[in-house]
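Residue numbers (the working numbering): 40 to 153.
Virtual Cβ for every residue (Gly too), placed ideally from N, Cα, C.
Comments concern the structure below.
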């Protein structure tokens, strides 16, 4: 049985954990759900324009795709259909983790991505 959601959904940044922590940038704003690990980055991310955040997110996605290609090389295949169920879970969990870690790192540093 699936775990019941504690909040409005998974963390806005890592898209994994659902710790039930909400943050509102302004009174009466829609809450942004975060895991406890990334709560300190919500204000930074929400203060950006959507266009600016999309740039950071795109770079994190690119980083995760590069790491995914390396992961497939280590697994000895470029064909996702050739992966066992255990390997597939490891591959996709790794992709999700890499994306969240990269995005968190980029927001932590707040280096201009352009």
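Between 142, 143, 72 and 114, which lies nearest to residue 129 when the distance is taken from Cα to Cα? 114
Quick one: is residue 118 buried, meaning 16 or more other Cβ sit within 10 Å of its Cβ, or exposed? exposed
Beta strand (DSSP E) containing residue 73: first to last residue? 71-73
For a test of the three-state rule: what should DSSP assign to residue 57, helix, strand or coil? coil
What do you get for residue 137, buried or exposed, if any count of 16 or more other CB atoms within 10 angstroms of its CB means buried? buried
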